[in-house]
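Note that this note's numbering gives residue 72 to position 51 of the sequence shown, counting from 1, and the numbers run on in steps of one.
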Amino acid sequence: MKEKVPELPEVETIKNELLPHIIGHCITGVTLIWEGIVRQPSMEEFRSRLIGQEITSIARRGKYLLFSLSSGDSLIIHLKMTGSLLLKPTSAEPDKFTRAIIHLNKGTSLFFRDPRKFGMMRLVKDDNSIVSKLGPEPLVPDFIPQVLAQRLNNRTAPIKALLCDQKVIAGIGNMYADEALFAAKIHPLRSGKSLSPEEVGRLHQAIQQVLWSAIDNKGASVENYFRPDGTLGTAHFQFQVAHRLSGKFCPNCGTPIERIVVRNRGTYFCPKCQPEG
Ligand SMILES: [Zn+2]
């Protein structure tokens, strides 16, 4: 079941908090404790093309972190279910879940910790090869309600599944899809094409509101998400329905929150506030 994954607010927080500590730093070494974390190219090439490069910028696209290097290469990191990137002194001992360490000059290193081993790193000449398949970013000025309407147009899949589809819209996963649908009062099984323009408008506003709020709270630490300094985010304390266990009640109307499975994703909603319609 795909449930607890760093989503846009978590990856955005990691990007924002890494930025001041690693821009302009040079990579002095790469330790691969679990070699499977490198998907592309070979380990030897990965290491030799990284060492000596300066990190010139970090960006986020969807749930991907993109590190630009002085060579023109991009290091792409996806944390998948349980990955985190921790900034520690180079002398720190890796724990048993540390899969790779990128050593930087000035005494710090980036520890890639990933208990479940789904996370990955790729080193590519052009990050478009990876990110061009993604749908629009939901927090950019160009993302207006009409863009969302166009992405949902003629789609028969449940809106919950569409929101989690990275080709439809980038960065949203299980938690923030549930939160946005609750805020917009839309049932998760409604088809994309069944939403009225007014509902799409509400959903657009709800998506931006839940994502910005979660960024303000530095992401949701529901499982293995840590900020780069090892502290937790607090966005999950704001959740209205996501990850509510059975027996919790809707904060609006007091109805018990229901859990259903939508395309293999555990989905929480209020049957009264979000009628099937
Ligand atoms: Zn309710």
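Heads up, the beta-carbon is just placed ideally off N, CA and C, and yes, glycines get one too.
Identify the continuous alpha helix (DSSP H) that holds G222 and give its terminal residues. By 1-based counting over the sequence shown, the position of residue 222 is 201. From DSSP, the alpha helix (DSSP H) with G222 extends over P218 to D237.
Between the alpha carbons of L253 and R70, how many angstroms are there, rounded? One-based indexing of the sequence shown puts residue 253 at position 232. One-based indexing of the sequence shown puts residue 70 at position 49. Straight-line Cα distance between these residues: approximately 33 Å.
Run the proximity test for T276: is its beta-carbon closer than 7 Å to any non-hydrogen atom belonging to ligand 1? The sequence position of residue 276 within the sequence shown is 255, counting from 1. Yes, ligand 1 has a heavy atom inside 7 Å of this Cβ.
Beta carbon of K101: closer than 7 Å to some heavy atom of ligand 1? Numbered from its first residue, the sequence shown carries residue 101 at position 80. The answer is no for K101.
How many Å lie between P41 and A182 at the Cα? Translated into positions along the sequence shown, residue 41 becomes position 20. Translated into positions along the sequence shown, residue 182 becomes position 161. Those two C-alpha atoms are separated by around 36 Å.
At the level of alpha carbons, what is the spacing between T52 and I123? What you label residue 52 is simply residue 31 of the sequence shown in a count that begins at 1. What you label residue 123 is simply residue 102 of the sequence shown in a count that begins at 1. Near 6 Å, if we compare the C-alpha coordinates of I123 and T52.
In three-state terms, what does DSSP make of R68? Here residue 68 corresponds to residue number 47 of the sequence shown, with the count starting at 1. Assignment of R68 by DSSP, reduced to helix, strand and coil, places it in the helix class.
Taking the alpha-carbon positions, what's the T288 to P218 distance? Taking the first residue of the sequence shown as 1, we reach residue 288 at position 267. Taking the first residue of the sequence shown as 1, we reach residue 218 at position 197. Cα to Cα, the separation comes out at about 24 Å.
Should S153 go down as buried or exposed, given a rule of 16 or more other Cβ atoms within 10 Å for buried? Residue 153 sits at position 132 when you count from the first residue of the sequence shown. With fewer than 16 other Cβ atoms within 10 Å, it is exposed.
Rounding to the nearest angstrom, what Cα-Cα distance links K23 and R286 in this structure? Within the sequence shown, the letter at position 2 stands for residue 23. Within the sequence shown, the letter at position 265 stands for residue 286. Reliability of the predicted coordinates at K23 is poor, the pLDDT of 48 falling under 50, and the value obtained from them is presented with this limitation in mind. Going by the C-alpha atoms only, they are around 6 Å apart.
Once the 5 residues before and after G104 are set aside, which same chain residues still bring their CB inside 6 Å of it? Here the question's residue 104 lines up with position 83 in the sequence shown. Within the same chain, G104 has close Cβ partners D135 and G140.
If you draw a straight line from the C-alpha of G194 to the C-alpha of P30, how long is it? Here residue 194 refers to the residue found at position 173 of the sequence shown. Here residue 30 refers to the residue found at position 9 of the sequence shown. Rounded to the nearest angstrom, the two C-alpha atoms are 10 Å apart.
Is F290 helix, strand or coil by DSSP? The residue labelled residue 290 in the question sits at position 269 within the sequence shown. In this structure, F290 counts as strand in the three-state DSSP scheme.
For M64, which option in R265, E114 and M142 has the closest C-alpha, if you only look at C-alpha atoms? For this step, residue 64 is matched to residue 43 along the sequence shown. Among R265, E114 and M142, the Cα nearest to that of M64 is on M142.
Smallest Cα separation from A263: which of L96, G251 and V243? Working through the sequence shown from its first residue, we reach residue 263 at position 242. That would be V243, whose Cα lies nearest to the Cα of A263.
Which word fits Q171, buried or exposed, when buried means at least 16 other C-beta atoms lie within 10 angstroms of its C-beta? In the sequence shown, the residue the question calls residue 171 occupies position 150. That one is exposed.
Secondary structure at R172, three-state DSSP: helix, strand or coil? The sequence position of residue 172 within the sequence shown is 151, counting from 1. If DSSP states are grouped into helix, strand and coil, R172 belongs with the helices.
By DSSP, does E33 sit in helix, in strand, or in coil? The residue you call residue 33 lines up with position 12 of the sequence shown. Here E33 sits in helix by DSSP.
Tell me which residues share the same chain as R176 and place their Cβ nearer than 6 Å to its Cβ, disregarding the 5 neighbours each side in the sequence. Taking the sequence shown and counting its residues from 1, one reaches residue 176 at position 155. Closer than 6 Å at Cβ, skipping near neighbours: L183, G213 and K214.
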